[in-house]
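These notes are about the structure you will find just below.
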Amino acid sequence: MIVIQSAVPLNASSTPFWPVQTAPTHPIIRSCPVKETALDPHFSGDMKRPKQTGAHPDGKKLFTISSLVSGVAVAGSAILCPHAAWLAIPWLLYTGVGVHDITQKRHTILRNFPVIGHFRYVAEMLRDPFRQYFGDGDADRPFTRDQRSGVYAAAKGDKQTRPFGTQLDVYKPGYIWINHSLSAKTPAKKEPRLKVGGPQCKQPYAISRFNVSGMSYGALSKNAVLALNKGAKLGGFYQSTGEGGLSPFHFAQDIDIEAPNFDFDQFFVQNKDKIAAEGGDLVWQIGTGYFGCRTAEGNFDPQLFAERAKLPTVKMIEVKLSQGAKPGHGGILPKEKLTRGIAKLRRVPHGQDVHSPPTHKTFDTPRGLLQFVQQLRELSGGKPVGFKLCVGNRYEFLGICKAMLETGIYPDFITVDGGEGGTGAAPRLFTDHIGTPLDDGLVFVHNALKGIGLRDKIRVIASGKVTNGFDILTKLALGADSVNAARAMMFALGCIQALQCDTNNCPTGVATQKPSLVKGLDVNDKFVRVANYQKATIRDMLEIIGAAGLDSPSQIRARMLHIRDRQGNDRTLDTVYPNIPAGSLLKPATVPEDLKKDWEIATADAFVPPGVVPEKRKMVSLTVLKDGKPQEEDVEDW
Ligand SMILES: Cc1cc2nc3c(=O)[nH]c(=O)nc-3n(C[C@H](O)[C@H](O)[C@H](O)COP(=O)(O)O)c2cc1C
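According to our numbering, the stretch in the sequence shown is residues 3 to 640, in order.
Given below as structure tokens:
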């Protein structure tokens, strides 16, 4: 595999800082698997598009039928020939193991695929001894085996020590580390939480530094949503709903929403006290589809929003502008996953893919976005309101910054998602080639807010391939206040990276709506794992903070992290990602050279400033031959 590194540090020259190398050693090195894409036959224009594959047979049905058929065969053989009675032993063994698999609750794969599922565990067991002979195997994508194993161990509360020393090459370019202190501190037992919500907000929220990133009910199964919500409640962190709206499962209520007479509005009225007492903290995400606060025509419904936003476990509101895996593209829920209940919940027609529009209908300028933020804050009774985006054109974000200065309206938080972010379903080229990677986007947002003098009024939340406490620290060092994880939380739920989220065949019941697969995910087992994972990750982060001689994660700075450059030298992260001086965007004379052009053209009155996009070409009518007949067609002129 050839990996071309594409690190272009903010304010630095565009000369690649990292060398061409064989594999990234740390997520901070952004990589672009060019060779693989170019050689992939699916990529070639003259090849057919790949078919959606991966439909799993119903494992439980397969087991039941095979057990019954073989049982009848064994009984028949024994009647015809008494010596054949010994065949009952393997049959009993087979059936016994299968029944045990279906009734146990720890392993979803075994519940969903009795007997046959054991092969996966055997393969897992043999993997490490065989790796000595057959190569590395850590090249799994998008998350390596090592990253996933770390999450599984933390979620199960397994031992987290490593024998024999690090497996990383500490001299490889891109290797990253933090220096310890001779005056190391005893790690704090409890994480000091952060206040979100400025003076414009009446109900500030205390957030943990590690929360569940937005994943809709629809993309995830009801059991996955239930387990994440109960895990959030147990661990005291938040779950973002994703753009699919609020469901009973986001309030820890396991209710049959597929029942024909189920009424969502009644559910929220009738269960008010129950959901307040039992639900975990939520960030309600509002995407372009306005699911959960949508009129019949697909517009934003202020009254419905106000009713639901006031629910006590809804702690913050997040307007979704874009997401790293598919920026510039609306959300997609494949029709295979759209049950009647989900269609009713989202107020969309059943039987077809759900495509959210790429942009919001309620605003089309930076100023309009902030007015919408203000409206949501008022309608919710003063809860913190922010927005989520993957950084795209820099002048667009700077336009939002100018709008903040001009209107005096500030979001309470901004969530920055990296181009490396995950999704349930997205067009492949959007996931591969669109959107700023997290580290670059995060530093840019941090700098922009610092430059306009508002960094201390707005919290920055980061998401993009965070799996462990050290990952969290690197994002905090680059400018985040808090970090979200989506896929790592899925691993805590038992996801095995089967890459079937868009087919409705997720074998672990996490990202499917097939009742037989969903049933395999035992909520009571998995919610504890989610809480364990979050707690262990925060604990690990606090231990590193203590070893570095710091009392709180808020004291981490980019200069405290070291990275090996292409010459093999040790550089601190602040030299790779320099910060701009506070307030430097406020006076023309102090605007940093790197931001000058974007800052000058950015405007509060349009996401795309006038003159930036070349004019559309004039259309002219041309006579073309279609099936041998002349026809008029509108084409672009020179
Ligand atoms: C199954 C799935 C569904 C997602 N749904 C949403 C969504 O509804 N809204 C959103 O803003 N992001 C969504 N995301 C993106 C995540 O919230 C997150 O921003 C991104 O995956 C980066 O985090 P990660 O690297 O920890 O997964 C989804 C991701 C996954 C894997």
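Quick reminder that beta carbons are idealized off the backbone N, C-alpha and C, glycines included.
From a predicted model like this one, the values you see are computed outputs, not experimental measurements.
Residue i: CB within 7 Å of a non-hydrogen atom of ligand 2
{"i": "V153", "result": "Absence of ligand 2 is noted for the structure shown, with ligand 1 being the only ligands found."}
Same chain only: Cβ atoms within 7 Å of residue i, ignoring 5 sequence neighbours per side
{"i": "N273", "result": "Q255"}
{"i": "D48", "result": "In this predicted model, D48 has a pLDDT of only 35, less than 50, meaning its place in the structure is not dependable; the value taken from the coordinates is given anyway. Around D48: no qualifying Cβ."}
{"i": "V350", "result": "V356"}
{"i": "V153", "result": "T469, A490, F493, A494 and Y535"}
{"i": "G455", "result": "A584, G585 and L588"}
{"i": "D636", "result": "M621 and S623"}
{"i": "G496", "result": "T110, T510, V512, L523 and K528"}
Residue i: CB within 7 Å of a non-hydrogen atom of ligand 1
{"i": "T425", "result": "yes"}
{"i": "K477", "result": "no"}
{"i": "S1", "result": "Beyond the ends of the chain as shown, which are 3 and 640, falls residue 1; an answer cannot be given."}
{"i": "S249", "result": "no"}
{"i": "M318", "result": "no"}
{"i": "R348", "result": "no"}
{"i": "D419", "result": "yes"}
{"i": "S223", "result": "no"}
{"i": "C503", "result": "yes"}
{"i": "E338", "result": "no"}
{"i": "Q325", "result": "yes"}
{"i": "R489", "result": "yes"}
{"i": "Q287", "result": "yes"}
{"i": "E245", "result": "yes"}
{"i": "G466", "result": "yes"}
{"i": "S358", "result": "no"}
{"i": "K516", "result": "no"}
{"i": "M217", "result": "yes"}
{"i": "G394", "result": "no"}
Close-in-space but distant-in-sequence residues of the same chain around residue i (CB under 8 Å, 5 per side omitted)
{"i": "D639", "result": "R619, K620, M621 and V622"}
{"i": "R457", "result": "H448, L451 and A584"}
Proximity of residue i and residue j at Cβ, strictly below 8 Å
{"i": "G420", "j": "C403", "result": "no"}
{"i": "G220", "j": "L313", "result": "no"}
{"i": "S554", "j": "P189", "result": "no"}
{"i": "V468", "j": "G233", "result": "no"}
{"i": "K528", "j": "A229", "result": "yes"}
{"i": "T625", "j": "E617", "result": "no"}
{"i": "I463", "j": "L378", "result": "no"}
{"i": "L405", "j": "L381", "result": "The sequence shown places Ala at residue 405, not Leu. In this structure, L381 does not lie closer than 8 Å to A405 by Cβ."}
{"i": "L400", "j": "W601", "result": "yes"}
{"i": "T438", "j": "T361", "result": "no"}
{"i": "W93", "j": "G78", "result": "no"}
{"i": "S210", "j": "I546", "result": "no"}
Same chain, Cβ closer than 6 Å to residue i, neighbours up to 5 away in sequence not counted
{"i": "I259", "result": "G343"}
{"i": "V316", "result": "L284 and W286"}
{"i": "L41", "result": "Legend: pLDDT at L41 = 30, less than 50; position of this residue unreliable, no value from coordinates given."}
{"i": "R461", "result": "V198, F415 and D483"}
{"i": "A90", "result": "V76"}
{"i": "A14", "result": "Residue confidence is low: A14 scores 35 on pLDDT, short of 50, so the model does not pin down where it sits. Its coordinate-derived value is still stated next. For A14, where only same-chain residues beyond five positions count, there are no Cβ hits under 6 Å."}
{"i": "V321", "result": "I288 and F389"}
{"i": "I603", "result": "Y397 and P611"}
{"i": "A428", "result": "A327 and K328"}
{"i": "P632", "result": "T625"}
{"i": "S324", "result": "L391 and C392"}
{"i": "A538", "result": "A156"}
{"i": "G453", "result": "I582, S586 and L587"}
Original post:
Should the region 199–209 be regarded as contacting the region 403–418, the criterion being three or more beta carbon pairs within less than 8 Å?
Top reply: Yes, the region 199–209 is in contact with the region 403–418.
**OP:** Jot down the residue ranges of each uninterrupted beta strand (DSSP E) in the region 557–583, minimum 3 residues, whole runs only, in chain order.
**Re:** Here the runs fully enclosed are 563–566 and 572–574.
Original post:
Between the region 562–582 and the region 434–450, do three or more beta carbon pairs fall short of 8 Å?
Top reply: Flag = yes, the region 562–582 and the region 434–450 touch.
**OP:** Could you name each continuous alpha helix (DSSP H) segment of 4 residues or more that falls completely within the region 273–306, going from the start of the chain to the end?
**Re:** If we require 4 residues or more, the alpha helix (DSSP H) runs fully inside the region 273–306 come out as 274–280.
**OP:** Take every Cβ of the region 210–220, pair it with every Cβ of the region 234–254, and state whether three or more of those distances are shorter than 8 Å.
**Re:** With a cut-off of 8 Å, the region 234–254 and the region 210–220 count as touching, because enough Cβ pairs lie within range.
**OP:** Count the C-beta pairs between the region 502–511 and the region 159–171 that are closer than 8 Å, then say yes if the count reaches three, no if not.
**Re:** Segments in contact, no.
**OP:** Flag this pair as touching only if the region 548–568 and the region 177–184 have three or more C-beta atom pairs under 8 Å; answer yes or no.
**Re:** Result yes; three or more Cβ-Cβ pairs closer than 8 Å.
Subject >> contact_flag[the region 107–116, the region 510–529] where n(CB pairs < 8 Å) is 3 or more >> reply: A contact exists between the region 107–116 and the region 510–529.
Original post:
Can you list the alpha helix (DSSP H) stretches of 4 or more residues lying completely in the region 498–531, in chain order?
Top reply: The qualifying runs are 517–520.
Subject >> Every unbroken alpha helix (DSSP H) within the region 330–361, with a cutoff of 4 residues, ordered by chain >> reply: Correct list: 342–348.
Original post:
Taking only runs of the beta strand (DSSP E) that begin and end inside the region 423–511, which ones reach a length of at least 3 residues, in chain order?
Top reply: Within the region 423–511, the complete beta strand (DSSP E) runs of at least 3 residues are 461–465 and 484–487.
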